[in-house]
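In the numbering used here, the protein residues as written are -9 to 165.
We put the CB at the ideal spot given by N, CA and C, even for glycine.
Because the structure is a prediction, the values reported are computed rather than measured.
As structure tokens, the structure follows; a few thoughts come after it.
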């Protein structure tokens, strides 16, 4: 005959072990996900930092122009061939950022909608701003720069915990 007391004890032990392992492994899965998310966000912000260092050079180039007034967008187009080549070189570097977005799909990391939008918009307005330097369309330059600043501030706010001191201080040209 079946000993029902033994069956009941075994059943309780199996249920108890099942519940224990379910709760014990859940935080680990969440921890791995959070670790991947942090890694991907850090990688992305690092790429933005590298891109912005190049863009910082563009601003330095503009600042060093004799009598340059950064608020007078008409002056942005009086470049020598050498300066123009430098800007084109920096602009080509900004396209690294699309590789950064790939990190999120590689690690199966989902950004919050607000995070995704602010990063996408920042990158878009960065690209558009530099591109507008290369094509004399004066009416756009100021708008792109203002939009870029707006999203840069939001990035600093949203991702503050991930940003290094270097990253924050490098943005003196952008905020």
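- prompt: Pick from 109, 139 and 138: whose alpha carbon is nearest that of residue 148?
  reply: 109
task: Measure the C-alpha to C-alpha separation of residue 139 and residue 155 and round it to an integer number of angstroms.
output: 19 Å
- prompt: Beta carbon of residue 112, beta carbon of residue 141: below 8 Å?
  reply: yes
query: Taking the C-alpha atoms as reference points, what is the distance between residue 134 and residue 102?
result: 24 Å
query: So, are the CB atoms of residue 144 and residue 115 less than 8 Å apart?
result: no
query: Using the rule of at least 16 other Cβ atoms within 10 Å of the residue's Cβ for burial, across every protein chain shown, is residue 31 buried or exposed?
result: buried
message: I need the DSSP call for residue 149, collapsed to helix, strand or coil.
response: coil
task: Assign residue -7 to one of three DSSP states: helix, strand, or coil.
output: coil
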